[in-house]
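Before any comments, here is the structure.
In the UniProt record's numbering, the protein residues as written are 1 to 610.
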């Protein structure tokens, strides 16, 4: 610094001495300063670029650190879950091996003392070791038991072979006896074959009986269904039957009234048909049917009586009509004859007066009136004149007209009686037909009910006998089949169950070991990623600190290179060209109060990363 002050003094003295030399020196120093400023500008730009790159790398390192922290948390969570799964698996293994130990406790007590332990393993490995050790013990015990059973079986086989040898010796001594017994064996064989055939035949019969029983059951169910339907129909028809009985009672009463009306002229004794011979009841269907039959019989008797009476009445009325028609025809003829005679008598009296022939004519007329039931005599009127004769003719004419009117009325009454008789006949025939139909239907229902009851009883007896026989055969067959298979099936089932449980336990242990290995590898990878992230963060912080030191060093060098420019002010061309605000550097000592807080803020932001 002292040498620089001397140089400045020399330069100032030279400038005062010679203006031209001063100008030349000023231009040279200005050009040198411009070159140094350009170099510093390039260096500052490179430093700023390096700082930006360092900040970007630091941000990337922060982001990667956050990701690694989240992955680490996930890995820790998975580690906890794997630990829980390991505990659960260990508990399952312990429970399973205890169950297996209890199942094989009849061979040996494996539950005393807990699982086997080892100082080499801890945690799930220790549990797996204990389970595998206990499983090996159980398997060894089972193998030992199987070997002992095989040994005893071999011993029994050796004994059997020895006994067979002895038996062979005895057989060689008893050949004669065997030859004598062969015939009996052949007979027994034939008997056994016959028994087998009989058993097969019985099996076939049993199958046929079962089929028949099934058919009978189906038939019984069908008959039950039909009986229920019949009962429902009978229940539904019971009120109809009651109404039918009521109507039959009413018809019976009406027929009785008709009988009384028809039989009034003869005054016959109908006291035995005066009341109803039946009463409708709502308690029993059979009683109602019997009452209906009794009512039908009574109605049939009444209708027969009505038919007979109406037939007699119709015949009597027809006879009366016939006699009336004959009387009317005879009266018409007599009227015509009397009219002709009267006209003849009047003509003769007008000419000649009364004569003996007129008296004869009057006598004939009186006889005709007397036969017709009219008492009229002409003797009292013979002395009268012409007017009396005309009056007599008018009276005769009136009598004839009245007779004609009576004849017409009788014809109308006869036609009405015929119409009523035909209606009564039709009604009686319809009632008779309906009663016959109902009677026939009731008889058919009673016959069906009787036949169905007999069929049901027979079928129930057949079914009971068939079921007893089937149950007896089934029980015998089941006892024979179960006697030979029980022990063998039980032993085979125990061995298969033990083998299956051992296989399942081994498979569970292998799966748990694979899961544990995968979890350990995942945790190791997460730890390695975390270490790499921490290393990258440390490297980024170290690089940023180095760049910051380099920038401070360059700033300090700039301050040392420009001490003279501070005295000349800030109006020179260097301050116009130099972008100090953009570079945020206080080269000449100004605005230090603004840049210092900014640097401190950047350091505060970078402290957590460091």
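From the three backbone atoms N, C-alpha and C, an ideal C-beta is built for every residue, glycine too.
Treat the numbers as computed from the prediction; the structure is a model and nothing was measured.
| Query | Result |
| --- | --- |
| Measuring CB atoms only, is the region 413-431 touching the region 307-315, in the sense that at least three cross pairs come out at less than 8 Å? | yes |
| Among 46, 132 and 235, whose alpha-carbon lies nearest the alpha-carbon of residue 507? | 132 |
| Quick one, are the C-beta atoms of residue 472 and residue 296 less than 8 Å apart? | no |
| Any chance you could list the beta strand (DSSP E) runs of at least 3 consecutive residues sitting entirely within the region 89-158, in chain order? | none |
| For residue 147, does the count of other Cβ atoms within 10 angstroms reach 16, so buried, or fall short, so exposed? | exposed |
| Which residues in the same chain have their Cβ closer than 7 Å to the Cβ of residue 569, if we skip the five residues on either side of it in sequence? | The predicted model places residue 569 with a pLDDT of 47, which falls under 50 and marks its position as unreliable, so this point remains unresolved. |
| Does residue 132 have its Cβ less than 8 Å from a Cβ in chain D? | Checking the listed chains, one finds no chain D in this structure; it contains a single protein chain. |
| Going by the beta-carbon positions, is the gap between residue 300 and residue 445 smaller than 8 Å? | no |
| Does the separation of the CB atoms of residue 327 and residue 432 fall below 8 Å? | no |
| Expressed to the nearest angstrom, what Euclidean distance is found between the alpha-carbon atoms of residue 332 and residue 440? | 57 Å |
| Can you round the beta-carbon distance between residue 289 and residue 442 to whole angstroms, since I take them to be within the 8 Å contact cut? | 5 Å |
| Do residue 547 and residue 54 have their CB atoms nearer than 8 Å? | yes |
| For residue 79, tell me which candidate among 536, 525 and 535 has the shortest Cα-Cα distance. | 525 |
| Thinking C-alpha only, which one of 553, 555, 42 and 543 is nearest residue 56? | 543 |
| If we call anything under 8 Å between Cβ atoms a contact, is residue 421 one with residue 248? | no |
| Do you know offhand how far residue 411's Cα is from residue 258's? | 24 Å |
| Can the beta-carbon of residue 117 be found closer than 8 Å to that of residue 126? | yes |
| Using a Cβ-Cβ cutoff of less than 8 Å, which residues in the same chain neighbour residue 626 once the five nearest sequence positions on both sides are dropped? | With the chain running from 1 to 610 in the structure shown, residue 626 is simply not present. |
| Please list, in chain order, all residues of the same chain as residue 172 whose beta carbon is under 6 Å from its beta carbon, the five residues on each side excluded. | none |
| Return the residue from the list 52, 37 and 44 that minimises the CA-CA distance to residue 551. | 44 |
| Rounded to a whole number of angstroms, what is the C-alpha to C-alpha distance between residue 540 and residue 77? | 30 Å |
| Would residue 209 pass as a contact of residue 470 if the rule is Cβ separation under 8 Å? | yes |
| What's the gap between the Cα of residue 467 and the Cα of residue 160? | 47 Å |
| Could you tell me which of 545, 561, 336 and 556 sits nearest to residue 50, measuring between CA atoms? | 545 |
| Going by Cα to Cα distance, which pick from 89, 33 and 23 is closest to residue 561? | 33 |
| Hey, residue 298 and residue 252 are a contact pair by Cβ (cut 8 Å); roughly how many whole angstroms apart? | 6 Å |
| Count the other C-beta atoms from every protein chain shown that fall within 10 angstroms of the C-beta of residue 39, then say buried if there are 16 or more, exposed otherwise. | exposed |
| Spatial neighbours of residue 244 within its chain, please: C-beta separation below 8 Å, excluding the five flanking residues on both sides. | 292 and 438 |
| I need the straight-line Cα distance from residue 102 to residue 67, nearest angstrom please. | 51 Å |
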